[in-house]
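Novice:
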Amino acid sequence: MRQQQSLSGQWQFQLDPQGALSIETLRPDRVIPVPMPIQAAFPELQQVDGFAWYNRTFLVEDLDGELLLDFGAVDYWCQVFVNGALVGEHEGGYTPFRIPLRRWVQTGENTLVVRVYDAVQKAITVRRWVEQPVPERSAPPFNAETIPHGKQTWYLDASGIWQDVTLTRVPARYIERVQVTPNIHTGEAAVRVLLAGAAQSATARVTVAGITVETALAPDQTEATLTVRVPNAQWWTPDTPTLYTAWVEVGDDALAVRFGFREIRAEGGQLLLNGAPFYLLCALDQDLYPDTIMIAPSEAFLRDQFAKAKQMGLNSLRCHIKPPEPRYLDLADEIGLLIWAEIPSWRTFYGNKSNHRAAYFLDAAVTARAQATLEAMIARDYNHPSLMIWTIINEDWGTTLLLSEADRAWIAGMYDLAKRLDPTRLVVDNSPCPAPWGLSVHVKSDLDDFHTYTNIPDQADQFEQFVEGLSRRPLWSFSNTGDSQRTGGEPLILSEFGNWGLPSLRQFGGGEPEWAALSGWWAPFDGEAGRAEGLLERFGRLGLNAVWNDYEAFAEATQWHQFQALKHEIETMRRLNSLQGYVITELSDIYWESNGLLDFARGAKVFHQRLGEFNAEDVIVPKLDRYAYWDDETVRLRLFVSHYSASDWADAAAAATTEAGEAIFVTPVGGLDRGEVRDLGEVVWTLPRVGAARLVELRLSIDGQTPLARNAVSVLVLPAESRRAAFQGETAILLRQGRGEYTPALDAAGELLRQQGYRAAAALGDETRLVISDYPSEEVLAWVRAGGSLLYLANNAGSPFYWVQGRGGNYGGRWITSWSWLRPGVYRRVPAQNPLTLPFMDMMPHGVILGLPLEDPAMQANVLAGQIAGWVRHPAVHTVQFPYGQGRVLMTTYPIREALSFQPLALAMLNDLVDHLTGAAL
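This is the structure we're talking about:
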């Protein structure tokens, strides 16, 4: 029988950056724990590059049979020496390898030495003259850009022996690997047994659930497949993760393998799990950890993480461009989480992303690495019922699919290879996103997925339009060059979207995390918002403690902003019948990247208990045109239900109930098929009268024999009297019309203001006390310099005052969220609930005001609204007041004119700004 010993523990260690050492000259000078990345064991070596050596001894009691040395993973390349002899070599930082040692060992003490090499990308090289890249080498030193490192370059590199090392005594003829293919329809498990070692006659025997089958093996036979039929086989699902064990015996060797009866298919635009429609409720998991980088600190840590994922309603995780370690998949099997696995990427940061044909070139060494990695992942992980999807490329990293016919042919071939090796799972060729040349695309894929990031509420309308377009199966998601192999039945998935919510610093003792200097180094300005270093000092220096009490209050507020953004995005998708799931970026914060549902230590964020209200198989979701109303208005919203669970909806009814407990809408929803979305129609909601602006909630529910779904929608309700103007001086409304000057009469905006009590005029006059203009003329500027007051509705062009530019890059907050705020105490009609959320949809600034000394306390007091990005970086102004000659200007980039006719907050904000500018009292 097998006897296994772990070689994990303390090893001797020595760095050899230039590769100058040999077995003979090796002099280890420190001790390293195995398994553990070098950079985790020695944080001072986070920039280590090149070679390193590991050394230990092990005992062999006798030389019967074979001795197998197994490495879980060594990053990136290594040579293995036993008793001074080179016994094996391996390339691939995430994949296991095995070396039979019998011929190299002796009874008693033996010496094991591992020489490791890893290359670290230190810069992005952009060549002045684009020529075909230098072909990759098959031995060190490798080109760091072309190594499949995955997200290491994004965060921290991880080198060396980072998974378990074991030594296993087996018989001379032994079981190399077992592959179990279950069939849920017949209850059969086809058990493929692969053999290695000496040629000997033997009997292969497989036992599952007490049922045994066996077959005789010829001496030179290297594999056999035995089929066991399990009566009443229980299916594996996320709710009932039933596992079976196949006990395999060949001669004197035996091996236990776990598996589950599970089927995943893509058919007719739907995902089918064991034949039933399945909605993918997934989060992207970088599978990285605060102190140990690539390896989970313990099984208990992983269990807790997975339990929290399920508490939030998730049924799956997308392990992002990093093959998960075996215990990750073991626990996912046990707990019931489906896993989407991906090949680690290469050329993540590559300087030749251009239209020049020589720039997109994949040489044989690079493609061979990708293929070898895929083959190794499938071989290692085939038996895990939790594993449902393979991805070959993420976001075109390493390929240039839109531009390169050769790359498209290669990715189609890789898809075919994956399906040949593993026909039981879905395969994604490239999980695409926008790219410098437009977008990356699919060529041949089981899923039609895409990525997008938006800041909510700033780009809420753009998000809605995008996912509605995606739901209509657009032509652009697959290659349109004639070589794609689209079936039209691929399920539509939004496979990346997300928003930031900063973590509490209490987990770091109230100070900065040790990784605070990390950021998105490859994007020097946009990536700067990801650098936490100097956070608390910067928070105070920018005067943000006048907006939030302290950083902790700010962080909590950003987490609620994250919650509201995710709620809007998910509810938008669940109304669309053709979308079959989504992947939230991401399960946890990862170093500086703070868009996790959990923080980096896997602690819960403030919304932990509420996410499952709408992140669920069965949901009831609203659709509103806006989230701000006057209290004399009636809200007309539509309700949708989406049903994907196995729950019985035969007697189900949906209801909408006010805060006062009044059921204003009740309708039966029985007969809804599993996998169906239904529009329940319009709900008319009469709002309560309010004395001051506040949020009002409508509670939504679906109930049958038991509660089936719960949700709620909140709107900001403003008192109707907040419409009325307090300022009674004559106000010139001078708004630009088309490409010309002001019109001689009031336009619609001017008439609306007149109706609300403004003494509105269409031109400057002797009685003018205030000008509201989006295009101040020379005459207006002279009038202000002489002592007038101007409310300047600034657009993105031609400001005569401070610089205004559009909210692109970090100012828009798509990738690293930016949060907008109003200065407390300035706005009396508009509540300063910071940062601003859905009530401000259609009211968010189109531009930012830049170039002001925002660290000057005197200037800070005059900034009435602004924004901050990421880790308190890139401050910008939305509204500022300042003297101009003898007069005074209040300048804002809020789209007040555009939203005045339909958005209550536009009129309420204009009234507040006028009052602040003129000193008028409510």
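According to my numbering, the sequence shown is numbered sequentially starting from 12.
Glycine included, C-beta positions come from ideal geometry on N, C-alpha and C.
Is Gln90 buried or exposed, if buried means 16 or more other CB atoms sit within 10 Å of its CB?
Specialist: The residue you call residue 90 lines up with position 79 of the sequence shown. Buried, since its Cβ has 16 or more Cβ neighbours within 10 Å.
Novice: Can you find the residues in the same chain that come closer than 6 Å, C-beta to C-beta, to Gln23, ignoring five residues on each side of it along the sequence?
Specialist: For the purposes of this step, residue 23 is identified with residue 12 of the sequence shown, where counting begins at 1. Taken in chain order, the residues that qualify are Pro39 and Asn66.
Novice: Please work out which residues of its chain come closer than 7 Å, Cβ to Cβ, to Phe625, disregarding the five sequence neighbours upstream and downstream, and give them in chain order.
Specialist: Here the question's residue 625 lines up with position 614 in the sequence shown. Taken in chain order, the residues that qualify are Lys578, Ile581, Glu582, Val632 and Asn722.
Novice: Leu933 to Arg899, Cα distance in whole Å?
Specialist: Against the sequence shown, residue 933 aligns to sequence position 922. Against the sequence shown, residue 899 aligns to sequence position 888. Unreliable positioning characterises Leu933 in this predicted model, as indicated by a pLDDT of 40, which lies under 50. The coordinate reading is nonetheless provided below. In a straight line, the C-alpha of Leu933 is about 21 Å away from that of Arg899.
Novice: Taking 8 Å as the threshold (C-beta atoms), are Ile713 and Ala665 in contact?
Specialist: By 1-based counting over the sequence shown, the position of residue 665 is 654. By 1-based counting over the sequence shown, the position of residue 713 is 702. Yes, they are a contact pair.
Novice: Do Thr903 and Gly740 have their beta-carbon atoms positioned less than 8 Å apart in this structure?
Specialist: Residue numbering aside, residue 740 sits at position 729 when the sequence shown is read from its first letter. Residue numbering aside, residue 903 sits at position 892 when the sequence shown is read from its first letter. Their beta carbons are not under 8 Å apart, which means Gly740 does not touch Thr903 by this criterion.
Novice: Would you call Pro193 buried or exposed, if buried means 16 or more other Cβ atoms sit within 10 Å of its Cβ?
Specialist: By 1-based counting over the sequence shown, the position of residue 193 is 182. It is buried - the Cβ of Pro193 has at least 16 other Cβ atoms within 10 Å.
Novice: In terms of residue numbering, what span does the beta strand (DSSP E) encompassing Phe62 cover?
Specialist: As a working note, residue 62 is residue 51 in the sequence shown. Where Phe62 is concerned, the enclosing beta strand (DSSP E) stretches over Gly61 to Val71.
Novice: Could you give the residue range of the beta strand (DSSP E) that holds Ala267?
Specialist: Position 256 of the sequence shown holds residue 267. Counting along the chain, the beta strand (DSSP E) containing Ala267 begins and ends at Asp264 to Phe270.
Novice: On the DSSP bridge list, what partners appear for Met902?
Specialist: Numbered from its first residue, the sequence shown carries residue 902 at position 891. Its beta-bridge partners are Tyr803 and Val891.
Novice: Considering only residues of the same chain and omitting the five flanking positions on each side of Ala155, which have a CB-CB separation below 7 Å?
Specialist: Counting from 1 along the sequence shown, the entry for residue 155 is found at position 144. Closer than 7 Å at Cβ, skipping near neighbours: Ala130, Val131 and Gln132.
Novice: Given a cut-off of 8 Å on the beta-carbon distance, is the pair Val646 and Trp696 in contact?
Specialist: For the purposes of this step, residue 646 is taken as the residue at position 635 of the sequence shown. For the purposes of this step, residue 696 is taken as the residue at position 685 of the sequence shown. The answer is yes: Cβ separation under 8 Å.
Novice: Run through the DSSP bridge pairs and tell me what Ile110 is partnered with.
Specialist: For the purposes of this step, residue 110 is taken as the residue at position 99 of the sequence shown. Leu80.
Novice: Give me the Cβ distance between Asp433 and Tyr393, rounded to the nearest whole Å; I'm assuming they're in contact under 8 Å.
Specialist: In the sequence shown, residue 433 corresponds to position 422, counting from 1. In the sequence shown, residue 393 corresponds to position 382, counting from 1. With 8 Å as the limit, Asp433 and Tyr393 qualify as a contact, their Cβ atoms being about 6 Å apart.
Novice: According to DSSP, simplified to helix, strand and coil, what is Met305?
Specialist: Taking the sequence shown and counting its residues from 1, one reaches residue 305 at position 294. DSSP places Met305 in coil when its eight states are reduced to three.
Novice: In angstroms with no decimal places, state the Cα-to-Cα distance between Glu693 and Phe289.
Specialist: Against the sequence shown, residue 693 aligns to sequence position 682. Against the sequence shown, residue 289 aligns to sequence position 278. Taking the straight line joining both Cα atoms gives about 28 Å.
Novice: Starting from Ile907 and walking both ways along the alpha helix (DSSP H), at which residues does that stretch end?
Specialist: As a first step, residue 907 is located in the sequence shown; it is residue number 896 there, counting from the start. Looking at the DSSP string, the run of the alpha helix (DSSP H) that includes Ile907 is Ile907 to Ala910.
Novice: Any contact of the stretch 535-545 with the stretch 464-484, i.e. 3+ C-beta pairs under 8 Å?
Specialist: No contact exists between the stretch 535-545 and the stretch 464-484.
Novice: Would you call the CB atoms of Gly500 and Glu274 closer than 8 Å?
Specialist: Here residue 500 refers to the residue found at position 489 when the sequence shown is read from its first residue. Here residue 274 refers to the residue found at position 263 when the sequence shown is read from its first residue. In this structure, Glu274 does not lie closer than 8 Å to Gly500 by Cβ.
Novice: Between the C-alpha atoms of Val45 and Leu295, what's the straight-line distance to the nearest angstrom?
Specialist: Here residue 45 refers to the residue found at position 34 of the sequence shown. Here residue 295 refers to the residue found at position 284 of the sequence shown. Their Cα atoms are separated by approximately 28 Å.
Novice: Considering Gly480, what are the terminal residues of the alpha helix (DSSP H) in which it resides?
Specialist: The residue labelled residue 480 in the question sits at position 469 within the sequence shown. Start and end: Ala471 to Ser482.
Novice: Mind checking whether Arg109 and Leu79 have CB atoms under 8 Å apart?
Specialist: Along the sequence shown, read from residue 1 onward, the residue named residue 109 stands at position 98. Along the sequence shown, read from residue 1 onward, the residue named residue 79 stands at position 68. Yes, these two residues count as a Cβ contact at 8 Å.
Novice: Tell me, to the nearest whole angstrom, how far the beta carbon of Ala627 is from that of Gly324; I am working on the premise that it is less than 8 Å.
Specialist: Within the sequence shown, residue 627 is the residue found at index 616, counting from 1. Within the sequence shown, residue 324 is the residue found at index 313, counting from 1. With a Cβ gap of about 5 Å, Ala627 and Gly324 count as contacting.
Novice: What residue does the alpha helix (DSSP H) around Pro868 start on, and which one ends it?
Specialist: In the sequence shown, counting from the first residue as 1, residue 868 sits at position 857. Counting along the chain, the alpha helix (DSSP H) containing Pro868 begins and ends at Pro868 to Gln871.
Novice: For a quick check, are the C-beta atoms of Trp270 and Ala200 less than 8 Å apart?
Specialist: Position 259 of the sequence shown holds residue 270. Position 189 of the sequence shown holds residue 200. The amino acid at residue 270 is misidentified as Trp; the sequence shows Phe. Taking 8 Å as the Cβ cut-off, Phe270 and Ala200 qualify as a contacting pair.
Novice: Leaving aside the five residues before and after Pro755 along the sequence, list all residues of the same chain whose C-beta is less than 7 Å from its C-beta, in chain order.
Specialist: What you label residue 755 is simply residue 744 of the sequence shown in a count that begins at 1. Only Ala773 meet the Cβ criterion.
Novice: Which residue wins for smallest C-alpha separation from Thr465, given the options Glu539, Gln573, Pro502 and Ala917?
Specialist: Sequence index remark: in the sequence shown, residue 465 carries index 454 (1-based). For Thr465, the nearest C-alpha among the options comes from Gln573.
Novice: With H, G and I counted as helix, E and B as strand and the rest as coil, what does DSSP make of Leu933?
Specialist: Numbered from its first residue, the sequence shown carries residue 933 at position 922. Caution is warranted here: a pLDDT of 40 is assigned to Leu933, below 50, making its placement in the model unreliable, and the coordinate value is therefore given only provisionally. Note: Leu933 maps to coil in three-state DSSP.
Novice: DSSP three-state call for Glu544: helix, strand or coil?
Specialist: For the purposes of this step, residue 544 is taken as residue 533 along the sequence shown, with counting starting at 1. Note: Glu544 maps to coil in three-state DSSP.
Novice: Along the alpha helix (DSSP H) that carries Thr378, what are the first and last residues, could you check?
Specialist: Counting from 1 along the sequence shown, the entry for residue 378 is found at position 367. Ala375 to Asp392 is the extent of the alpha helix (DSSP H) around Thr378.
Novice: Rounded to whole angstroms, what's the CA-CA distance from His927 to Ala771? Just pull it up for me.
Specialist: The sequence position of residue 927 within the sequence shown is 916, counting from 1. The sequence position of residue 771 within the sequence shown is 760, counting from 1. Near 18 Å, if we compare the C-alpha coordinates of Ala771 and His927.
Novice: What runs of the alpha helix (DSSP H), each 4 residues or longer, lie entirely inside the stretch 557-609?
Specialist: Segments of the alpha helix (DSSP H) lying fully in the stretch 557-609: 562-585.
Novice: What's the gap between the Cα of Leu313 and the Cα of Glu507?
Specialist: Counting from one through the sequence shown, the residue named residue 313 turns up at place 302. Counting from one through the sequence shown, the residue named residue 507 turns up at place 496. The straight-line gap from Cα to Cα measures roughly 23 Å.
Novice: Assuming Phe913 contacts Pro468 under a Cβ cut-off of 8 Å, what Cβ separation, rounded to an integer in Å, is found between them?
Specialist: Residue 913 sits at position 902 when you count from the first residue of the sequence shown. Residue 468 sits at position 457 when you count from the first residue of the sequence shown. Between Pro468 and Phe913 the Cβ distance is about 15 Å, and since that is not below 8 Å, they are no contact.
Novice: Strictly under 8 Å for the Cβ-Cβ distance: is Ala528 near chain B by that measure?
Specialist: Among the chains in the structure shown there is no chain B, since it carries only a single protein chain.
Novice: Got a sec? Which residues, its chain only, sit under 6 Å from Glu644 by beta carbon, not counting five neighbours each side?
Specialist: As a position in the sequence shown, residue 644 is number 633, starting the count at 1. Taken in chain order, the list of residues that qualify is empty.
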